[in-house]
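Reading through the structure tokens given below for one structure.
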Amino acid sequence: MGIYVSIRGWLECDEKQLTTLHEIISSHEDNHYTSGWGSPRRHINWTYYVFYGADIRESALDWFTDQIEEIARIPASDDDGDRVRGLFLVSHEIDGPAEWQIRDGQLFITPADKRYLYLDE
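With numbering that gives the first Met the number 0 applied, the sequence shown corresponds to residues 0 to 120, in that order.
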């Protein structure tokens, strides 16, 4: 049956970065797990949010990680220097939960806090 990884979280960006972010997601289209990406029906105020939620096979984890790392490298689009940032809780059936922080142009992975264990019960 395979090992599964539950991924849930979001990315934050500006309008120009959103266009690049969507281009990256489209370039990784797989007609299956790509369906886990979503956005609000209507934009509200200044920050754009993109969400991901899906249980994927462990074998597809590199597919997702590659996208996140590419998205993290999207440069700031104006003088304020804000990069794409986000947070994901990634729960591996064997290895347990991890927190993925997208900030400063990189992906940082650390063990998740014990407070989030209830999500994997």
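Even for Gly, the Cβ is constructed at its ideal location relative to N, Cα and C.
Nothing here was measured: the structure is a model prediction, and the numbers come from that model.
Per DSSP, cross-strand counterpart(s) of residue i
{"i": "valine 89", "result": "Ile6 and Ala97"}
{"i": "tryptophan 36", "result": "Tyr51"}
{"i": "arginine 56", "result": "Tyr3"}
{"i": "glutamate 11", "result": "Tyr48 and Arg84"}
{"i": "arginine 102", "result": "Gln105"}
Nearest-angstrom Cβ-Cβ length linking residue i and residue j, presumed shorter than 8 Å
{"i": "leucine 10", "j": "isoleucine 70", "result": "6 Å"}
Residue span of the beta strand (DSSP E) that contains residue i, given as start and end
{"i": "leucine 106", "result": "105-110"}
Terminal residues of the alpha helix (DSSP H) in which residue i lies
{"i": "leucine 116", "result": "Neither: leucine 116 is in no alpha helix (DSSP H) and is coded neither H nor E."}
Cβ shell of residue i (< 6 Å), same chain only, five flanking positions each side left out
{"i": "arginine 102", "result": "Arg84"}
{"i": "glutamate 92", "result": "Ile2 and Tyr3"}
{"i": "arginine 7", "result": "Gly52 and Leu88"}
{"i": "glycine 35", "result": "Tyr51, Gly52 and Ala53"}
{"i": "threonine 19", "result": "Ile73"}
Spatial neighbours of residue i in its chain, beta-carbon cut-off 7 Å, leaving aside the 5 residues before and after
{"i": "glycine 104", "result": "Ala71, Arg72 and Arg82"}
{"i": "alanine 111", "result": "Leu88, Pro96, Ala97 and Glu98"}
{"i": "serine 25", "result": "none"}
Assigned exposure category for residue i - 16 Cβ within 10 Å defines buried
{"i": "tryptophan 45", "result": "exposed"}
{"i": "tyrosine 117", "result": "exposed"}
{"i": "isoleucine 43", "result": "exposed"}
Spatial neighbours of residue i in its chain, beta-carbon cut-off 8 Å, leaving aside the 5 residues before and after
{"i": "aspartate 119", "result": "Ser5, Ser90, Gly95 and Pro96"}
{"i": "arginine 56", "result": "Gly1, Ile2, Tyr3 and Val4"}
7 Å Cβ cutoff, residue i in contact with chain C
{"i": "leucine 106", "result": "This model lacks chain C altogether; it includes just one protein chain."}
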